[in-house]
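A quick write-up on the structure given underneath.
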Amino acid sequence: MSAADADESETLTSVDLDGIKSHRLDDVPAVRRHLVRRSSRGPIVHATRDPTVSWTNQHLRPDRTPHEVFVELNELVIDRNQELQWRETARWIKFEEEVEEETERWGRPHIASLSFRSLLELRKTMAQGAVLLDLKQKTLPGIAQQVVEQMVISDQIKAEDRANVLGALLLRHRCIHPNIHPSIQPSNQPASLFLSTFLLLSSVTPAMRKITAYSAGTSLQQTWPPLWTDTMENLNPATVVLVGSVGFLDQPSMAFVRLQEAVLLESVLEVPVPVRFLFLLLGPPTANIDYHQIGRSISTLMSDKVSNFHEAAYQADDRQDLLTAINRFLDSSIVLPPSEVSGDELLHSVAHFQREMLRKREEEQSNSLVPSKPGDEPLRRSGRLFGGLIKDVMRRYPQYLSDIRDALNPQCMAAIIFIYFAALSPAITFGGLLGEKTEGLIGVSELIVATALQGIVFSVLGAQPLLVIGFSGPLLVFEEAFYTFCKVNGIEYLTGRAWIGLWLVLIVVLTVAFEGSILVRFVSRFTQEIFSFLISLIFIYETFAKLVKIFQEHPLHNCYHGNNTESPSHFVGEPNTALLSLVLMAGTYFIAFYLRKFKNSSFFPGRLRRIIGDFGVPIAILIMVLVDYSVQDTYTQKLNVPSGFSVSSPEKRGWVISLLGSDGQFPAWMMGASILPAILVFILIFMESQITALIVSKKERMLVKGTGFHVDLLIIVVVGGVSALFGLPWLSAATVRSVTHTNALTVMSKAVAPGDKPRIQEVKEQRVTGFLVAVLVGLSIVIGEVLRQIPLAVLFGIFLYMGVMSLNGIQLTERLILLLMPPKYHPNHNYVRKVRTLRMHLFTLVQLTCLALLWVVMATAAALAFPFVLLLTIPVRMLLLPRLFSRRELQSVSHTT
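Be aware that the sequence shown starts at 1, since it is given in UniProt numbering, and climbs by one per residue.
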């Protein structure tokens with residue numbers, strides 16, 4: 001061996017040993033020396049482009065846009081005639097599928113488990129082998145010729161082995177037919193059937209899906225050519241992996257090829273899918289490597305979405321980019337030492353450790369990103385009058401047309417029907433309560449009109465049309481308290497509200513002018529959770545409070561017939577109104593709840609399942625209305641919808657409220673003093689609307705059109721302030737209804753393989769559903785006769801459904817459940833792992849204390865102080881909690897995973 005060869009051998013050995021010691025080799029000198037070092041037999045060349053092709057035409061740039069790829073693993077085997085051939089042994093669409101040797105059928109998709117040694121060997125061969133990027137060849141013989149020549153140049157094979165390696169690359173390929181029914185002839189249908197599956201699981205264009213729409217009796221060869229020319233460029237490519245052992249080589253030889261363009265290679269794949277990447281590994285049987293496992297490793301890397309290796313394969317400029325991508329994959333991988341532990345305990349341990357690693361990597365990547373421009377952040381002060389308002393308008397209104405186009409979807413239609421009842425039922429329920437509290441001055445009629453008019457204005461002009469404008473429990477508390485104050489002091493209630501409305505307009509204009517909405521930055525998750533939980537609790541409480549009232553008003557009476565000694569008494573059961581109301585409420589809730597879960601079940605085709613799930617609430621309402629209609633002998637309370645466009649108490653008030661009072665004697669001092677209750681109302685609307693906007697716009701919902709805190713606040717408060725001049729109630733962005741609206745418009749990804757959980761894919765951000773819901777609420781007065789056939793108990797079920805469903809995703813709810821659960825059964829969440837159990841429970845108890853205090857204030861004579869008590873949760877989080885908990889603990893409970 002020459003001195004140069006000895007030096008090279010030492011270099012290769014150092015690479016291998018470094019890899020075994022630590023896989024973090026983003027900057028390993030040994031690898032870099034190897035990439036530029038030349039041996040006595042010739043250069044180890046990194047071929048980044050076809051050496052026979054001139055790149056003087058710079059406009060012919062290869063496509064480097066990453067696509068999901070279909071990967072097929074072929075291995076060299078000996079057939080029945082004792083001849084070598086390439087045999088398909090595994091494939092990856094998203095998960096791995098292996099060929100069962102005995103039956104030669106495809107096994108079930110599963111998550112690939114790789115050996116650490118195979119990954120190290122893959123990295124070693126990638127560092128030493130031939131890498132040809134953007135190779136301009138369109139046939140298999142042409143590709144094979146370039147690969148063989150590069151292997152000779154890089155000293156991987158001898159010149160006399162050129163013909164043998166070339167012959168091996170051009171051997172016949174044997175494909176495994178998909179699992180199909182025996183009655184279908186394999187000669188006609190296997191490729192087209194598998195292609196149907198592949199196209200279904202891949203994000204291809206609608207034009208490609210037309211290919212699979214041809215009749216089952218037509219062969220692929222007859223249907224494909226007419227469409228191939230137009231759709232070839234839109235089909236996701238394939239990666240072909242070829243591995244095997246041959247006797248004529250004395251060392252492993254590898255080549256990684258990225259073609260300049262994806263090309264169709266005849267008789268290589270089981271389906272006519274264009275090939276963009278090719279990985280070849282050949283070597284002697286005596287080599288101490290597992291060719292099959294290395295083939296599985298590169299196949300998994302090319303198909304895995306999380307590691308982003310396939311993105312690096314598309315965008316790599318040189319070999320080092322590929323090696324760095326392998327190292328990143330190793331950084332996120334887990335090595336399991338031999339252990340007797342198995343089952344769920346092992347699974348939970350691995351899942352926990354991997355999630356932690358991925359989270360750290362995401363944090364590192366997010367910290368390394370270039371910060372956004374100051375103008376791009378909606379809650380950053382611009383430093384000029386109405387600057388935030390102008391930014392909101394400039395950011396959001398250019399997408400107005402898309403807000404209309406995006407509503408052309410069946411899911412939006414289902415959301416309209418659901419949210420209509422979700423908006424109408426609180427208007428009727430809270431309207432009835434408001435009528436009781438104000439002795440009929442403001443009731444159902446006023447609340448329906450306000451919900452319709454203010455909802456129409458906001459859906460047309462608002463920056464975040466996912467918000468649903470409506471009445472809420474805290475506003476009901478204020479109205480009751482202010483009415484009591486006016487009654488005690490002899491002040492006209494509606495006139496006082498009108499002056500409050502005028503002050504509200506002035507307050508909100510000043511607030512928006514000086515960008516006061518940026519104060520919402522101080523509303524932490526601590527306050528958001530307390531407020532969201534309180535609003536959901538109000539919905540659940542009102543449901544059962546109304547049900548209890550029905551039981552009190554309609555008790556079951558026993559009736560006896562016959563009272564003489566000759567004829568004994570007979571017991572006759574009375575129809576039970578309360579029991580039927582309970583059945584209607586519970587039935588509506590459970591049908592809606594389980595139809596929502598049915599959407600992600602395994603029954604029926606996916607499209608039908610999604611339609612049933614989207615229309616779950618309307619279906620539940622219809623079923624329970626029919627149940628009530630079928631029970632003719634039992635009374636149930638129906639919706640009390642006004643029969644016309646009139647105020648609730650025409651004898652007491654009209655539609656226009658005089659600022660001087662009905663007798664012109666409204667106290668002048670109260671005109672100015674109304675600013676104090678106006679501040680309270682503004683705080684309520686500000687807190688509820690802005691917190692709701694924060695909840696709806698959470699990062700995990702993946703909203704792309706943004707929001708507008710300044711614009712939305714201005715519209716809600718100004719319209720509400722003007723509405724007070726007509727005796728209409730103030731409204732805000734209703735938390736429960738807005739979250740329910742957003743959930744109804746959320747599109748979940750489809751679970752297409754084992755282990756793949758549905759995730760939020762997108763939210764239909766549009767303003768048509770909110771507009772039509774508001775219009776339908778207004779038209780409810782016209783269709784009063786129809787609505788009066790709906791039992792009130794059915795709306796109680798919707799109330800309960802919205803309240804329970806809105807509790808999902810609130811971390812406070814999860815931690816309340818953990819209070820009743822032994823620590824060994826706690827889920828694998830971030831706040832559970834990083835915060836001691838007692839400390840976590842202490843944090844939960846602090847939130848519960850704040851929640852209880854808010855509830856007590858809301859339910860007592862101190863209700864007017866409710867907005868201030870809600871504001872106090874902000875300094876509690878900023879000043880008190882840092883004294884009780886460490887920064888790490890507080891950060892941990894700010895995340896759910």
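Ideal placement from N, C-alpha and C gives every residue a C-beta, glycine not left out. Note that the structure is predicted; figures quoted are calculated from it, not measured.
message: At a threshold of 8 Å, does M254 count as lining the ligand FAD (C-beta to nearest heavy atom)?
response: Absence of the ligand FAD from the depicted structure is noted, as is the absence of any ligand whatsoever, leaving it without description.
query: In this structure, what does DSSP give as the bridge partners for N74?
result: For this step, residue 74 is matched to residue 74 along the sequence shown. Beta-bridge pairing links N74 to E88, L242.
- prompt: Count the other CB atoms within 10 Å of the CB of R887; is the residue buried (16 or more) or exposed (fewer)?
  reply: Here the question's residue 887 lines up with position 887 in the sequence shown. Answer is exposed; the Cβ neighbour count stays below 16.
- prompt: For G644, which of helix, strand or coil comes out of DSSP?
  reply: Position 644 of the sequence shown holds residue 644. Three-state result, G644: coil.
task: Mind checking which residues open and close the beta strand (DSSP E) that includes E436?
output: Position 436 of the sequence shown, counting from 1, holds the residue named residue 436. Unbroken run through E436 is the alpha helix (DSSP H), 410–437; no beta strand (DSSP E).
Three-state secondary structure assigned by DSSP to H746: Within the sequence shown, the letter at position 746 stands for residue 746. Reading off the sequence, residue 746 comes out as Thr, not His. For T746, the secondary structure class from DSSP, reduced to helix, strand or coil, is strand.
task: Could you give the DSSP three-state label for residue 903: helix, strand or coil?
output: In this structure the chain extends from 1 to 897, so residue 903 is not present and cannot be described.
query: Which residues mark the beginning and the end of the beta strand (DSSP E) in which R276 is found?
result: The residue given as residue 276 occupies position 276 in the sequence shown. Where R276 is concerned, the enclosing beta strand (DSSP E) stretches over 275–283.
task: Assuming L639 contacts L502 (C-beta within less than 8 Å), just tell me the rounded distance between them.
output: As a first step, residue 639 must be located in the sequence shown, where it is residue number 639. As a first step, residue 502 must be located in the sequence shown, where it is residue number 502. That belief does not hold up - the Cβ atoms of L639 and L502 are roughly 34 Å apart, past 8 Å.
- request: State the Cα-Cα distance for the pair T125 and L280, rounded to the nearest angstrom.
  value: The residue labelled residue 125 in the question sits at position 125 within the sequence shown. The residue labelled residue 280 in the question sits at position 280 within the sequence shown. Taking C-alpha positions only, T125 is separated from L280 by approximately 11 Å.
query: Expressed to the nearest angstrom, what Euclidean distance is found between the alpha-carbon atoms of N234 and A262?
result: Numbered from its first residue, the sequence shown carries residue 234 at position 234. Numbered from its first residue, the sequence shown carries residue 262 at position 262. Any reading at N234 must be qualified, since the residue scores a pLDDT of 44, below 50, and its modelled position is unreliable; the value itself is stated next. Spanning the two alpha carbons is a distance of roughly 10 Å.
task: Kindly confirm or deny that the segment 694–713 and the segment 395–407 touch, where touching means at least three C-beta pairs closer than 8 Å.
output: The segment 694–713 is in contact with the segment 395–407.
Burial state of L494 (16 or more Cβ within 10 Å): For the purposes of this step, residue 494 is taken as the residue at position 494 of the sequence shown. That one is buried.
- request: Quick one: grab the DSSP three-state call for A731.
  value: Taking the first residue of the sequence shown as 1, we reach residue 731 at position 731. A small correction: the amino acid at residue 731 is Leu; Ala does not occupy that position in the sequence shown. L731 falls in the coil class under three-state DSSP.
- prompt: Buried or exposed: A668, going by 16 or more other Cβ atoms within 10 Å of its Cβ?
  reply: Here residue 668 refers to the residue found at position 668 of the sequence shown. So A668 ends up on the exposed side.
message: Along the chain, where does the alpha helix (DSSP H) containing F458 start, and where does it finish?
response: On the sequence shown, position 458 is the one that residue 458 refers to. Where F458 is concerned, the enclosing alpha helix (DSSP H) stretches over 444–461.
message: Give me, in chain order, the residues of the same chain whose beta-carbon lies closer than 7 Å to that of S649; leave out the 5 immediate sequence neighbours on both sides.
response: As a position in the sequence shown, residue 649 is number 649, starting the count at 1. For S649, the CB contacts under 7 Å within the same chain, skipping 5 residues up- and downstream, are G440, L441 in chain order.
query: Helix or strand or just coil, what does DSSP make of P677?
result: Residue 677 sits at position 677 when you count from the first residue of the sequence shown. Three-state DSSP puts P677 in a helix.
For Q85 and R174, believed in contact at Cβ under 8 Å, the rounded distance: Here residue 174 refers to the residue found at position 174 of the sequence shown. Here residue 85 refers to the residue found at position 85 of the sequence shown. Here R174 really is in contact with Q85; their C-beta atoms are around 5 Å apart, less than 8 Å.
field: Inter-residue spacing [alpha-carbon to alpha-carbon] between F531 and A316
entry: To locate residue 531, count along the sequence shown from 1; it is residue 531. To locate residue 316, count along the sequence shown from 1; it is residue 316. In a straight line, the C-alpha of F531 is about 49 Å away from that of A316.
query: For S297, which residues from the same chain have a beta carbon less than 7 Å from its beta carbon, with the 5 sequence-adjacent residues on both sides left out?
result: For this step, residue 297 is matched to residue 297 along the sequence shown. Here S297 has L114, S118, L119, L122 as same chain residues with Cβ atoms under 7 Å from its own Cβ, once five neighbours each way along the sequence are excluded.
task: With DSSP as the reference, label M858 as helix, strand or coil.
output: Here residue 858 is taken as the residue at index 858 of the sequence shown, counted from 1. If DSSP states are grouped into helix, strand and coil, M858 belongs with the helices.
- request: Return helix, strand or coil for W655, following the three-state DSSP convention.
  value: Locating residue 655 in the sequence shown gives position 655, where the first residue counts as 1. Three-state result, W655: coil.
query: By DSSP, does E8 sit in helix, in strand, or in coil?
result: Taking the sequence shown and counting its residues from 1, one reaches residue 8 at position 8. Note that E8 scores 34 on pLDDT, short of 50, meaning its location in the model is unreliable; the coordinates nonetheless yield the value given after this. Per DSSP, reduced to three states, the secondary structure at E8 is helical.
- prompt: How would you call E785, buried or exposed, if buried means at least 16 neighbouring beta carbons within 10 angstroms?
  reply: Along the sequence shown, read from residue 1 onward, the residue named residue 785 stands at position 785. Label assigned to E785: exposed.
message: Taking contact to mean 3 or more Cβ pairs, one atom from each stretch, closer than 8 Å, check whether the segment 249–258 and the segment 74–90 are in contact.
response: Contact fails: fewer than three Cβ-Cβ distances are below 8 Å.
Buried versus exposed, by CB contacts within 10 Å (16 or more), L819: Working through the sequence shown from its first residue, we reach residue 819 at position 819. Label assigned to L819: exposed.
Where A316 sits in the DSSP three-state scheme: Taking the first residue of the sequence shown as position 1, residue 316 is located at position 316. A316: coil per DSSP, three-state reduction.
message: Would F666 and I491 qualify as a contact pair, given that the criterion is a beta-carbon distance under 9 Å?
response: As a position in the sequence shown, residue 666 is number 666, starting the count at 1. As a position in the sequence shown, residue 491 is number 491, starting the count at 1. Taking 9 Å as the Cβ cut-off, F666 and I491 qualify as a contacting pair.
- prompt: Does the Cβ of F604 have 16 or more other Cβ atoms within 10 Å, making it buried, or fewer, making it exposed?
  reply: The count along the sequence shown starts at 1 and reaches residue 604 at position 604. The residue in question, F604, is exposed, as its Cβ has fewer than 16 Cβ neighbours within 10 Å.
field: CB-CB length for G644 against I781, believed under 8 Å
entry: Counting from one through the sequence shown, the residue named residue 644 turns up at place 644. Counting from one through the sequence shown, the residue named residue 781 turns up at place 781. Distance from G644 to I781 at the Cβ level is roughly 7 Å; contact confirmed, criterion being Cβ atoms closer than 8 Å.
message: Measuring alpha carbon to alpha carbon, tell me which residue in V444, Q811, P338, I679 is nearest S646.
response: Translated into the one-based positions of the sequence shown, residue 646 becomes position 646. A check of alpha carbon separations from S646 across V444, Q811, P338, I679 identifies V444 as the nearest.
field: CA nearest to the CA of A238, picked from V246, F248, V268
entry: The count along the sequence shown starts at 1 and reaches residue 238 at position 238. Among V246, F248, V268, the Cα nearest to that of A238 belongs to V268.
query: Given that a residue counts as buried once 16 or more other Cβ atoms are within 10 Å of its Cβ, and exposed if not, what is T527?
result: The sequence position of residue 527 within the sequence shown is 527, counting from 1. Buried.
- prompt: Is the segment 321–333 touching the segment 125–139, taking contact as three or more C-beta pairs under 8 Å?
  reply: Counting Cβ pairs under 8 Å, three or more are found: they touch.
- prompt: CA-CA distance, L676 and F682?
  reply: Within the sequence shown, residue 676 is the residue found at index 676, counting from 1. Within the sequence shown, residue 682 is the residue found at index 682, counting from 1. Our two residues, L676 and F682, have alpha carbons roughly 10 Å apart in a direct line.
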